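> The numbering used here puts the first residue of the sequence shown at 1112, with every later residue one more than the last.
To start, I am sharing the structure in question, which I have written as structure tokens.
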Amino acid sequence: MAFEVRFPVVGESVQEGQVYKWRKKTGEFVKRDEVLVEVETDKATVEIVAEAEGTLTIQKNEGETIAVGEVLASIDTAAKAPAASAPAAPAAAAKPSAPAVPPPPAAKAAAGTDPRPQSPAVARMAAEHQIDTSGIPGSGRGGRVTKDDMVAHLESPKPPVPSAAPAAAPKAPAPAAAAPSGARTERREKMTRLRQRIAERLVEAQHTAAMLTTFNEVDMSAIMELRKRYKDPFKETHGVGLGFMSFFVKAAVQALKQFPAINGYVDGTDIVYHDYYDIGVAVSTDRGLMVPVVRDVDKLSFAQIEGAIAEYAKKGRDGKISLDDLTGGTFTISNGGTFGSLLSTPILNPPQSAILGMHKIEERPVVVNGQIVARPMMYLAMSYDHRIVDGKEAVGFLVKIKENIEDPARLLLGV
């Protein structure tokens, strides 16, 4: 009896996905609740597990697009789990065994040391021709070796193998033609579902909002000194590191309370105001930019905010961020400074009305009490929807952020 593995409903707006990676192979015996495949949607990567045990037959290959409800694979539930192999009987001690002969180099190369995932076709060709694929440049996703790469490698001229017996004055071979220097090559790769959705939303933000950006700069001396003084006891007490993001999240909440339009959005001819504070924190992953949401941050402590951000960062690295993690959000903070960005104009995350961009901390000369001194300064940028947020409100919001960061006692006192 065959059990069909289908792409389930994972969200109201998700209609299709793309097979990202199979964790099991055709013919492999799988157990219930084992992860079979990762499917990438336009919002997150979904793991699909086995709901029955048996022998797997894959019907959709990596890279193929599938619709919700479509069959990905089947499981033969009549198949029995392979029996554990019995330990080998001890060899008779009649004769001393001959010394083991080391395997030839070609056989050793066939085992390979390539950590990149391989398709069944590539693995079969590598085994047949005794090839170690770790030395073959890959043109597939993530640098993996494709079947075409294997064919090109097999068809490329190989250097002659020296013979053990001396040969009688062979004729010198003609020199091989050198590859042209400065060759101009290009390659085409299909966009992932997540990257397609990111592109759509960025263009949507440009087309639907009257977007404008205002800038300011903030002296980071106070919170850098505070963090330096308390980061060790904070870690010992709460089990999580003290970063800068929790200060900015708290500062944003105080500013949003003072300027509620920035915590709302335009819906047709209405303005929707949020009386809660769900802050999206942009996280860069190998599969693209994601914005998981820390909810009700006005009710959370610094340690709880840092813990939530750390958990999202780990889930992002592991590809475990779920659709629920990305849903909602009333305001977004993006930290391009972690990559060295000195100044940028962030793009709105629709339907939100504003986004705060943090940047690189850099010592610059500033005037303090009539004296020129070096201070660790950060540029801040806030992009906003001018349909709902006036310039005066945007500037006032950013000034409020600046005041809270330069005097963090305000965050504790709520002033």
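For each residue, glycine too, the CB sits at the ideal point set by N, CA and C.
None of these values were measured; they are calculated from a predicted model.
1. Measuring alpha carbon to alpha carbon, tell me which residue in 1400, 1397, 1405 is nearest residue 1390.
2. Let me confirm a value: residue 1112 is counted as buried when at least 16 other C-beta atoms fall within 10 Å, else exposed. Which label applies?
3. Going by other Cβ atoms of all chains shown within 10 Å of its Cβ, with 16 needed for buried, is residue 1188 buried or exposed?
4. How about the region 1449-1469 and the region 1418-1433: do they share at least three Cβ pairs that are nearer than 8 Å?
5. Tell me the DSSP secondary structure of residue 1396 in three-state form.
6. For residue 1367, which residues of its own chain have a beta-carbon under 7 Å away from its beta-carbon, when the five flanking residues on both sides are left out?
7. Look at the alpha carbon of residue 1334 and the alpha carbon of residue 1437, and state the distance between them as a whole number of angstroms.
8. Do the CB positions of residue 1509 and residue 1489 come within less than 8 Å of each other?
9. Near residue 1457, what residues of its chain come up, given a Cβ to Cβ distance below 7 Å and the 5 sequence neighbours on each side ignored?
10. Once DSSP output is grouped into helix, strand and coil, what is the label at residue 1128?
11. For residue 1140, I'd like the list of residues in its chain whose CB is within less than 8 Å of its CB, leaving aside the five on either flank, ordered along the chain.
12. With 16 as the cutoff for other CB atoms within 10 Å, does residue 1130 come out buried or exposed?
13. Below 8 Å, how does it come out for the region 1165-1185 and the region 1136-1151: are there three or more Cβ pairs, yes or no?
14. With residue 1079 and residue 1365 assumed to form a contact (beta carbons below 8 Å), what rounded beta-carbon distance in angstroms separates them?
15. Please determine if the region 1256-1266 and the region 1233-1240 are in contact, where contact requires at least 3 C-beta pairs separated by less than 8 Å.
16. So what does DSSP say about residue 1507, is it helix, strand or coil?
17. Where does residue 1146 fall in DSSP's three states?
18. List the residues that DSSP assigns as beta-bridge partners of residue 1465.
19. If you drop the 5 nearest sequence neighbours on each side, which residues of the same chain put their C-beta closer than 8 Å to that of residue 1384?
20. Please work out which residues of its chain come closer than 6 Å, Cβ to Cβ, to residue 1085, disregarding the five sequence neighbours upstream and downstream, and give them in chain order.
21. In chain order, what residues of the same chain have a beta carbon less than 6 Å from the beta carbon of residue 1360, not counting five sequence neighbours either side?
22. Would you identify the three-state DSSP class for residue 1347, choosing helix, strand or coil?
23. In angstroms with no decimal places, state the Cα-to-Cα distance between residue 1526 and residue 1146.
24. Suppose you measure from the CA of residue 1524 to the CA of residue 1362; what does that come to, to the nearest Å?
25. Are the CB atoms of residue 1358 and residue 1499 within a distance shorter than 8 Å?
26. Note the first and the last residue of the continuous alpha helix (DSSP H) segment covering residue 1254.
According to the structure shown:
1. 1405
2. exposed
3. exposed
4. no
5. strand
6. 1373, 1374, 1388, 1442
7. 29 Å
8. no
9. 1445, 1466, 1468, 1492, 1494
10. strand
11. 1164, 1165, 1166, 1167, 1190, 1192, 1193
12. buried
13. yes
14. Given that the chain is displayed from residue 1112 to residue 1526, the structure contains no residue 1079 and the question cannot be resolved.
15. yes
16. helix
17. strand
18. 1495
19. 1371, 1372, 1374, 1375
20. Summary: the structure shown does not reach residue 1085, with the chain confined to residues 1112 through 1526, and so no result is reported for it.
21. 1390, 1408, 1416
22. helix
23. 50 Å
24. 12 Å
25. no
26. That residue, residue 1254, is in no alpha helix (DSSP H); it is neither H nor E in DSSP.
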